[in-house]
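Presented below is the structure to which this report refers.
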Amino acid sequence: MNTSLIGFLLSFFIALSSALYFHSGEREEKCIIEDIPSDTLITGNYKVQQWDRHQEMFFESAPGLGMYVTIRTPMKELLLSKLYGPQGTFSFTSHSAGEHTICLQSNSTRLVSFAGSKLRIHLDVRVGEHFLDEAIAQAKDKVNEINIRLGHQIEQILHIAKEQSYHREREEHFRMTSEETNINILWWALTQTLILISVGVWQIKSLKDFFIAKKLV
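Letter by letter, the sequence shown follows residues -19 to -1, 1 to 198 in mature numbering (1 follows the signal peptide of the UniProt record, and there is no 0).
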């Protein structure tokens, strides 16, 4: 029972991915941000469809259409910049933890304009995932297949542990930032209070000196 439950949970985590689609115009760059731990493999699959304004539907894009894939690190350093076809797969390994920017942009205005100036880009980003199916297909016997599956599950467990550690670090950083902000707000409130008290005392003293000078008291 416990083994089945663990297997189900592992399958659930393995299946997690960021799949979406978005529309793009001529030479328009579209970007997404992925918060990724350090030393983590990221694999992205995309497929581009074009809009036919006559048939009012999307169809598979022409072979001449390409997509520039650009990936930048949290420090805005260029990690990957490459031209792919209308359908492709890209992968990279993060060297530092943080928000990585993944951008896609078409390389042609003529094809997009002919199709109706509209693209639909399907993007599937997988974090910390290896190609298990291909490895299993190359396995020669059942023992190797079980070993491959077991090794893959161990990798996924290590990846999940790394994700949890990364989120704990971010949570600790945010907590420290919040505490520092609260302390700064407290000191600012105390400073404002002291300034108001000082101004009030000064005004009372000034009024008293004025009354004494005018011999009103």
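Beta carbons are placed, not taken as given, at the ideal position from N, Cα and C, and that holds for glycine. Please read these numbers as outputs of a predicted model, since none were measured by experiment.
Proximity of residue i and residue j at Cβ, strictly below 7 Å
{"i": "TYR27", "j": "LEU100", "result": "no"}
{"i": "SER5", "j": "ALA78", "result": "no"}
{"i": "ARG107", "j": "THR54", "result": "no"}
{"i": "VAL50", "j": "ILE102", "result": "no"}
{"i": "ILE17", "j": "SER62", "result": "no"}
Residue range of the beta strand (DSSP E) that includes residue i
{"i": "LEU59", "result": "59 to 65"}
{"i": "LYS196", "result": "No beta strand (DSSP E) contains LYS196, which DSSP labels as neither H nor E."}
{"i": "SER87", "result": "79 to 87"}
{"i": "LEU100", "result": "100 to 108"}
Distance, residue j Cα to residue i Cα
{"i": "SER187", "j": "ALA194", "result": "10 Å"}
{"i": "LEU139", "j": "ILE178", "result": "58 Å"}
{"i": "LEU22", "j": "GLU161", "result": "34 Å"}
{"i": "GLU58", "j": "HIS81", "result": "10 Å"}
{"i": "THR158", "j": "ALA142", "result": "24 Å"}
{"i": "LYS189", "j": "TRP183", "result": "10 Å"}
Residue i - partner residues in DSSP beta bridges
{"i": "THR70", "result": "ASN26"}
{"i": "MET56", "result": "Answer is none; MET56 lacks a bridge partner."}
Three-state secondary structure assigned by DSSP to residue i
{"i": "LEU171", "result": "helix"}
{"i": "HIS76", "result": "coil"}
{"i": "GLU15", "result": "strand"}
{"i": "THR21", "result": "coil"}
{"i": "LEU1", "result": "strand"}
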